[in-house]
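A short worksheet on the structure shown next.
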Amino acid sequence: MSMILSASVIRVRDGLPLSASTDYEQGTGVQECRKYFKMLSKKLAQLPDRCTLKTGHYNINFISSLGVSYMMLCTENYPNVLAFSFLDELQKEFITTYNMMKTNTAVRPYCFIEFDNFIQRTKQRYNNPRSLSTKINLSDMQMEIKLRPPYQISMCELGSANGVTSAFSVDYKGAGKISSAHQRLEPATLSAIVAFILSLLCGALNLIRGFHAIESLLQSDGEDFNYIVAFFLGTAACLYQSETCDYLLPYNMLHLLVSGFF
1 MSMILSASVI RVRDGLPLSA STDYEQGTGV QECRKYFKML SKKLAQLPDR
51 CTLKTGHYNI NFISSLGVSY MMLCTENYPN VLAFSFLDEL QKEFITTYNM
101 MKTNTAVRPY CFIEFDNFIQ RTKQRYNNPR SLSTKINLSD MQMEIKLRPP
151 YQISMCELGS ANGVTSAFSV DYKGAGKISS AHQRLEPATL SAIVAFILSL
201 LCGALNLIRG FHAIESLLQS DGEDFNYIVA FFLGTAACLY QSETCDYLLP
251 YNMLHLLVSG FF
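Position 3 of the sequence shown, counting from 1, maps to 3 under the UniProt record's numbering, and the rest follow consecutively.
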């Protein structure tokens, strides 16, 4: 039987579930697809805004907009135009009902679970296509899908559940090319930014002292040439450290304290 089984609303940047339908089927195949939901949730920021994943007898479709993704599970024979029209209705209602600032600052899962009431009503309508009164919208959606079809995610692109991130490199109409280099980038934490700035300050301090050592050597004040080499090596080390993560923060602060910078 052709039907929608479940739907979820997920925040794109971190995969936090904001709402989900609560009466989905309990079959083995459906439970397996729930695992794919979680895997996709972690990769939404890397994927185009309209995608389909075929998983045997079921399809997972989703659209993303304004930092929120709307995902649904349906049988393999459920029409694409109805699936994406269903997601489009969820998106419009969610944006109308909830302030985006509130969704961006949500910290606990399913904090908009009351949205399930709308999901259930809409799912019932779309599981009985004869009752749909949105034929004009369906025509518009059919044309949009024809002009910009959803990107088909393969299982190898999805990767495994062992935490290894697969490298996407796809050409998608309207989405540009997604390179694996960009997908490995993550937002820098505050401590990482501070560590980067302190590394640059340490390097600048060593560089200045290196030039002072050269000046002292030229003035024949008995300055040891090894000090000059040490200062410039210190500069190079600090510049290298600026590319690493925030665990160097305590070391950089200690270096500046010992150097008398503070």
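Ideal placement from N, C-alpha and C gives every residue a C-beta, glycine not left out.
Small disclaimer: the values here were computed from a predicted structure and weren't measured.
Extent of the continuous beta strand (DSSP E) to which residue i belongs
i, result
"Ile95", "Ile95 -> not in any beta strand (DSSP E); alpha helix (DSSP H) instead, spanning 80-97."
"Met155", "First-last for Met155: 155-158, but that is the alpha helix (DSSP H), not the beta strand (DSSP E)."
"Arg11", "4-11"
"Leu53", "50-55"
"Leu73", "68-75"
"residue 275", "An answer regarding residue 275 cannot be provided, because it is not within the stretch 1 to 262 covered by the chain."
"Ile60", "58-65"
Cβ shell of residue i (< 7 Å), same chain only, five flanking positions each side left out
i, result
"Cys111", "Leu18"
"Val12", "Leu44, Ala45, Ser64, Gly67, Val68, Ser69"
"Lys42", "Gly15"
"Ala181", "Confidence is the limiting factor: at Ala181 the pLDDT is only 36, short of 50, which leaves the residue's position unreliable, though a coordinate-based value still follows. Excluding residues within five positions, none has a Cβ falling inside 7 Å."
"Val164", "With a pLDDT of 41 at Val164, under the threshold of 50, the predicted position of this residue should be treated as unreliable, though the coordinate-derived value follows. Nothing meets the Cβ criterion."
"Ser2", "Thr75, Asn77, Tyr78"
"Asn128", "none"
Cutoff 6 Å; reference residue i; Cβ partners in own chain excluding five residues on either side
i, result
"Glu89", "Thr122"
"Gln31", "none"
"Cys33", "Thr55, Tyr58, Leu73"
Proximity below 9 Å, CB of residue i to CB of residue j
i, j, result
"Phe75", "Tyr98", "In the sequence as displayed, the identity of residue 75 is Thr instead of Phe. Contact: no."
"Phe86", "Tyr151", "no"
"Met71", "Ile10", "yes"
"Leu53", "Met155", "yes"
Nearest candidate by alpha-carbon position, reference residue i, set the options
i, options, result
"Leu47", "Gly15, Asp140, Asn80, Ser139", "Gly15"
"Ala83", "Lys102, Cys51, Glu114, Gly56", "Cys51"
"Met143", "Asn80, Ser2, Cys33", "Asn80"
"Pro109", "Ser8, Ile4, Ser139, Ile214", "Ser8"
"Leu207", "Leu233, Ile197, Leu198, Ile193", "Leu233"
"Ile153", "Ile145, Ile60, Leu201", "Ile60"
"Pro149", "Lys35, Gly56, Phe62", "Phe62"
"residue 267", "Ile145, Ile197, Glu93, Ile214", "Not covered by the structure: residue 267. The range shown for the chain is 1 to 262."
"Gln91", "Val107, Ala106, Asp116, Thr105", "Asp116"
Unbroken alpha helix (DSSP H) run spanning residue i, endpoints
i, result
"Thr103", "100-104"
"Phe118", "116-126"
Neighbourhood of residue i by C-beta distance below 8 Å, restricted to the same chain and skipping five residues each side
i, result
"Ala106", "Arg11, Leu16, Leu18, Phe112"
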